[in-house]
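Asks: When we follow my numbering, the leftmost residue of the sequence shown carries the number 87, and every step to the right adds one.
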Amino acid sequence: MILRDEIVPFHIAASSGPEDYDEDYDGIYEFDDIASVTTSISNSATNYKFENGRRYHSYKEGQWPVPNDEKQQNQMDLVHQVYSLRLEGKLYLAPITECPQKILDVGTGTGIWAMEMGDLHPSAIVIGNDLSPIQPRWVPPNVKFEVDDFNEPWVQTPGTYDFVHAREIHGAVSDWPKFCREAYRVLKPGGWIEVAESAAKLLSDDGTLPSNCALNTWLDNLAEGFEKIGQTVEVGPHISSWLRDAGFRDIVVKVFKLPVGLWPKDRTERDIGAFNLLNMTEYVEGASLQIYTKVLKKSLEETKKNIKEAQAEFKRKDYHMYIPFYVAYARKPEERF
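1) Which of helix, strand or coil does DSSP assign to residue 153?
2) Secondary structure at residue 424, three-state DSSP: helix, strand or coil?
3) From what residue to what residue does the alpha helix (DSSP H) around residue 280 run?
4) In whole angstroms, what is the alpha-carbon distance linking residue 147 and residue 352?
5) Assign residue 188 to one of three DSSP states: helix, strand, or coil.
6) Report the three-state DSSP secondary structure of residue 251 (helix, strand or coil).
7) Nearest chain B C-beta to residue 147 closer than 8 Å, yes or no?
8) Between residue 246 and residue 420, what straight-line distance do the alpha-carbon atoms span, to the nearest angstrom?
9) Express the C-alpha separation of residue 256 and residue 47 in angstroms, rounding to a whole number.
10) Quick one: what's got a C-beta closer than 8 Å to residue 403's C-beta in the same chain, skipping five residues either side?
11) My assumption, with CB atoms under 8 Å, is that residue 168 sits in contact with residue 365. Please give the rounded CB distance.
12) Starting from the C-beta of residue 215, find all residues in its chain whose C-beta is less than 8 Å away, skip the five residues before and the five after it, and write them out in chain order.
13) Since residue 411 contacts residue 341 with CB under 8 Å, what's their CB separation in whole angstroms?
14) Should the region 272-281 be regarded as contacting the region 290-310, the criterion being three or more beta carbon pairs within less than 8 Å?
15) Specify the secondary structure class of residue 230 as computed by DSSP and reduced to three states.
16) Are at least three pairs of beta-carbons, each pair with one atom in the region 138-157 and one in the region 175-184, less than 8 Å apart?
17) Please list, in chain order, all residues of the same chain as residue 114 whose beta carbon is under 6 Å from its beta carbon, the five residues on each side excluded.
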């Protein structure tokens, strides 16, 4: 059992530009060192903001318009379960080295992927970063967490990571080409990046999902809101070109279907649909509240009405819907002499 603690030991990584890269940075991930700074930064990083009954991050306040409370953390772990079922238990698809030494999980959320990765690769150091220090205190000894903003220049030592992983961070990235370049910078030659993102759209192969349904209206509003704050939710169709432009090679993009609901006849698909139904009905509120009220300037009453309508339609058994799920991985070329 992993026990959660109100305040976890964490490191705050900060950089004002590429000149701030520190060659010794990656050697400071020791809990004794982290504990020495926890007292001075815990009040600011965990002084969470509350709005409409939900809790939000305080470090870089307002940058990520989705809550970080227990309700949202449960939803994040549901996403992990959905992806695990879809990928047949695999944590990643990239053909990384059998014994990676350093792994970076960007936007780690609850840290569940990083912790499972640490168990799978006990010889590797796995580092997860996020704006919120919501990760568990008791984790595998080779797993560390830090509070960091991946939209700023990355402070990790260039050329030292075997694997950079990012999952479900669409809507949080302000500049995807820059994000890919930063990942390229910190990877070793021959290292791999993997980006796994679900699309912000619902599809149906049999025409049972009406184009004018409340769900599509909700998704259109959500996409509009994120675009207004400069953080696109449309990643999958563009990720290949972004990776290529950053210098990556051997790019592979795989697209899967994530059913929503109990409509599939196949048992595995039905299990995925059941977990994804729980996931999406939980996700609707957290993703909508600030986008609707602060960005789209809708009233709280209208926002709650739209949330309830979307949640109700997710539960409809006659909508045979699914979400496209993209997994892209690519390799940083070996150095040539």
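Just so it is clear, CB atoms sit at the ideal spot from N, CA and C, and this is done for glycine as well.
Replies: Judging by the given coordinates:
1) coil
2) Outside the displayed range of the chain (87 to 423) lies residue 424, so it cannot be described from this structure.
3) From DSSP, residue 280 is part of no alpha helix (DSSP H) but of the beta strand (DSSP E) over 273-284.
4) 44 Å
5) strand
6) strand
7) Here there is only one protein chain, and chain B is not present.
8) 13 Å
9) Absent from the structure is residue 47, since the part of the chain shown begins at 87 and ends at 423.
10) 347, 348 and 349
11) 6 Å
12) 99, 190, 191, 192, 193, 194, 231, 232, 233, 234 and 236
13) 7 Å
14) no
15) strand
16) no
17) Low local confidence applies: a pLDDT of 37 at residue 114 is under 50, so the model's placement there is unreliable, with the coordinate-based value given in what follows. No residues qualify anywhere along the chain.
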